[in-house]
Amino acid sequence: MPPFSSTQLFQTTASHLPPLLRPLSPSAPLSPLPQPKLLRRSLKLPLRVRSLDAAQPYDYEAQLRSHFHESSSLKIAILGFGNFGQFLAKTFLSQGHTILAHSRSDYSAAAADLGVAFYRDPHDLCEQHPEVVLLSTSILSTERVLRSIPFQRLRRSTLFVDVLSVKEFPRDLLLKFLPAEFDVLCTHPMFGPESGRHSWAGLSFVYDRVRIGDDESRVDRCEKFLDIFAREGCRMVEMSCAEHDRHAAGSQFVTHTVGRVLEKFGLESSPINTKGYETLLELVENTSGDSFDLYYGLFLYNDNAMEQLQRLDMAFKSIQNELFGRLHQIYRKQLLGNMEGARESGMTKSMVQKLLSN
Ligand code: NAP
Numbered sequence: 001m002p003p004f005s006s007t008q009l010f011q012t013t014a015s016h017l018p019p020l021l022r023p024l025s026p027s028a029p030l031s032p033l034p035q036p037k038l039l040r041r042s043l044k045l046p047l048r049v050r051s052l053d054a055a056q057p058y059d060y061e062a063q064l065r066s067h068f069h070e071s072s073s074l075k076i077a078i079l080g081f082g083n084f085g086q087f088l089a090k091t092f093l094s095q096g097h098t099i100l101a102h103s104r105s106d107y108s109a110a111a112a113d114l115g116v117a118f119y120r121d122p123h124d125l126c127e128q129h130p131e132v133v134l135l136s137t138s139i140l141s142t143e144r145v146l147r148s149i150p151f152q153r154l155r156r157s158t159l160f161v162d163v164l165s166v167k168e169f170p171r172d173l174l175l176k177f178l179p180a181e182f183d184v185l186c187t188h189p190m191f192g193p194e195s196g197r198h199s200w201a202g203l204s205f206v207y208d209r210v211r212i213g214d215d216e217s218r219v220d221r222c223e224k225f226l227d228i229f230a231r232e233g234c235r236m237v238e239m240s241c242a243e244h245d246r247h248a249a250g251s252q253f254v255t256h257t258v259g260r261v262l263e264k265f266g267l268e269s270s271p272i273n274t275k276g277y278e279t280l281l282e283l284v285e286n287t288s289g290d291s292f293d294l295y296y297g298l299f300l301y302n303d304n305a306m307e308q309l310q311r312l313d314m315a316f317k318s319i320q321n322e323l324f325g326r327l328h329q330i331y332r333k334q335l336l337g338n339m340e341g342a343r344e345s346g347m348t349k350s351m352v353q354k355l356l357s358n
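The numbering of the sequence shown is UniProt numbering, which starts it at 1 and goes up by one.
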C-alpha cells in the first residue's frame with residue numbers, strides 16, 4: 001500500500017474523530033502539512049466544546065465535585081428519632097450526608113418528609129452498613145437500646161457516637177456493650193431544638209474521642225463527623241467525660257431545675273416586662289420543651305447533680321432566712337416598744353404580723 005500523503009493522513013485522522021472533536025471548519029481548505037509533528041499540533045488547537053451534555057465524559061470539574069461529595073459525606077444511622085434526633089438530622093441532611101433512622105415509635109411519615117430512610121426493624125437498618133451510628137435515645141433507655149442492637153450486622157469498623165446530656169454514664173455503657181473493634185466518640189451538643197433553632201454558630205459542642213483506632217480511615221471518619229458541627233460554627237470543646245459531667249451539673253442541671261421551678265411557679269408575660277424578666281421567660285421556654293425523662297436522666301446519671309440540687313435548696317433557704325431575719329428584727333423592736341426604730345422600716349405592727357404569720 002502506497003504511503004499516505006500528509007493531506008490524506010489529516011483527512012483520515014479527522015474523519016475518525018467524534019463529530020464534536022473534529023477541526024472547527026472542515027470545509028475550509030486544509031493546508032498541506034508536510035510533517036506529522038505539525039499535524040498533531042494543528043489537530044489540538046482548533047477544538048471547541050459545543051454542547052455541555054456531550055462533553056460530560058470530559059467534565060473533569062463535575063467528576064471532582066462528585067468525588068469530593070463522596071469523600072466528605074457520611075452514611076449516618078440515628079437511633080432514637082425523637083425530638084433531638086430529628087433536629088440533628090435536618091442539619092446533617094443539609095450538609096449532604098445520608099441519614100437512616102430507627103426508633104421505638106414509628107416515625108416513617110416524619111422521616112419521609114425530611115428525606116430520611118426510616119427502618120422499623122433495627123436489623124434492616126444495620127444491614128445498610130452505616131459508617132456512623134448515632135445514639136440519640138433518652139438517657140434512661142440507653143442500656144435497653146444498646147442491648148437490642150444487632151451489632152453482628154454492622155461493619156466490623158463502625159463509629160458509635162452518643163449525644164446524651166450526661167457523659168460518663170454512656171461512655172461506660174458503650175465500652176461495656178460494643179464490640180472492641182468499634183470506635184467510640186462521646187459528644188454533647190450543648191444546645192437543643194429551641195436554642196439552636198436558627199443557627200448553631202457560637203454554641204458549644206463538647207466531645208471526647210474515647211476510642212478511635214489509629215487507622216487513617218478511622219481517624220478521618222471521626223474528623224468528618226466532628227466537622228459537621230465545626231462547619232456550622234459551633235465552639236468545639238474537647239473535654240473528658242468526667243470533666244463534662246462536673247461542669248454540666250453546675251450549669252445545665254441548675255438551668256433545667258430553675259427553668260422547671262419557674263414553669264411550675266407560672267411565669268406570665270406582662271405589658272411591662274423588664275429585660276431580666278424576659279430572660280426568665282426565655283429560660284422557661286427553652287427548658288419546657290424538653291421531656292421530663294431528659295431532666296430525670298440529668299439528675300439520676302450525673303453523680304454531681306444531687307449536690308447541686310442540695311446547694312440550690314440551701315441557697316433558696318438562705319435568701320428566705322435573710323428576708324425573715326430582718327422582718328423579725330422589726331417585730332422585736334415593735335414588741336419592745338422601740339417604736340422609733342420600728343417606724344424607720346416604714347411598716348405598721350399589723351403589716352409585720354401579717355407577713356410573719358404568712
Ligand atoms: P428524650 O426524652 O431524652 O429522648 C427521647 C428519645 O428516646 C426518643 O427517640 C425515644 O424514642 C427514645 N426512647 C425513650 N424511651 C425509650 C425506650 N424505653 N426504648 C427505646 N427508645 C426510647 O428527648 P430528646 O430531647 O429527644 O433527647 C434525646 C437525647 O439527646 C437524650 O439523651 C438527651 O440527653 C440528648 N440531648 C438532648 C438535647 C435537647 O435539647 N433536647 C440536647 C442535647 C442532648 P421514641 O420517640 O421512638 O419513643
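We put the CB at the ideal spot given by N, CA and C, even for glycine.
{"Check": "Nearest-angstrom Cα separation, counted from Phe229 out to Met236", "Outcome": "8 Å"}
{"Check": "CA-to-CA distance, Asp245 to Val166, given in whole angstroms", "Outcome": "6 Å"}
{"Check": "Proximal residues to Gly115 (C-beta, below 8 Å), its chain only, five neighbours per side dropped", "Outcome": "Leu93, Ile99"}
{"Check": "Asn302 CB to nearest heavy atom of the ligand NAP below 7 Å", "Outcome": "no"}
{"Check": "Simplified DSSP assignment, three categories, for Met236", "Outcome": "strand"}
{"Check": "Contact set for Gly346: own chain, Cβ-Cβ below 6 Å, skip 5 residues either direction", "Outcome": "none"}
{"Check": "Rounded separation between Phe151 and Leu267 - CA only", "Outcome": "47 Å"}
{"Check": "Contact test: Gly82 Cβ vs the ligand NAP heavy atom, cutoff 7 Å", "Outcome": "yes"}
{"Check": "Neighbourhood of Ser240 by C-beta distance below 7 Å, restricted to the same chain and skipping five residues each side", "Outcome": "Asp208"}
{"Check": "Helix, strand or coil at Thr142 [DSSP, three-state]", "Outcome": "helix"}
{"Check": "Ser195, enclosing beta strand (DSSP E) - first and last residue", "Outcome": "Element bounds for Ser195: n/a, residue is neither H nor E."}
{"Check": "Span of the beta strand (DSSP E), counted from its first residue to its last, around residue 403", "Outcome": "A question about residue 403 goes unanswered here, because the residues of the chain that appear run from 1 up to 358."}
{"Check": "Residue environment, Glu168, which counts as buried when at least 16 other CB atoms sit within 10 Å", "Outcome": "buried"}
{"Check": "Thr137, enclosing alpha helix (DSSP H) - first and last residue", "Outcome": "No alpha helix (DSSP H) holds Thr137; DSSP gives it neither H nor E."}
{"Check": "Bridge-paired residues (DSSP) for Ile99", "Outcome": "Ile76"}
{"Check": "Close beta carbons around Ser350, own chain, < 7 Å, minus the five adjacent residues each side", "Outcome": "none"}
{"Check": "Pair within 8 Å by beta-carbon distance, Thr287 and Arg311", "Outcome": "no"}
{"Check": "DSSP three-state assignment for residue 375, whether helix, strand or coil", "Outcome": "Past the edges of the chain, shown from 1 to 358, lies residue 375, and the structure says nothing about it."}
{"Check": "Contacting residues, own chain, Cβ-Cβ under 6 Å from Val254 (five flanking each side not counted)", "Outcome": "Gln308"}
{"Check": "Enclosing alpha helix (DSSP H) for Val352 [first to last residue]", "Outcome": "349-357"}
{"Check": "Straight-line Cα distance separating Thr348 from His247", "Outcome": "47 Å"}
{"Check": "Gly259 beta carbon near the ligand NAP (any heavy atom closer than 7 Å)", "Outcome": "no"}
{"Check": "C-alpha gap between Ala109 and Gln128, whole angstroms", "Outcome": "20 Å"}
{"Check": "Near the ligand NAP: Gly206 beta-carbon under 7 Å from a heavy atom", "Outcome": "Inspection of the sequence shows that residue 206 is occupied by Val rather than by Gly. No; taking the cut-off as 7 Å, the Cβ of Val206 has no heavy atom of the ligand NAP nearer than that."}
{"Check": "Thr274 burial status per 10 Å Cβ neighbour count (16 or more: buried)", "Outcome": "exposed"}
{"Check": "Counted within 10 angstroms of its Cβ, other Cβ atoms place Pro32 as buried (16 or more) or exposed", "Outcome": "Unreliable positioning characterises Pro32 in this predicted model, as indicated by a pLDDT of 46, which lies under 50. The coordinate reading is nonetheless provided below. It counts as exposed."}
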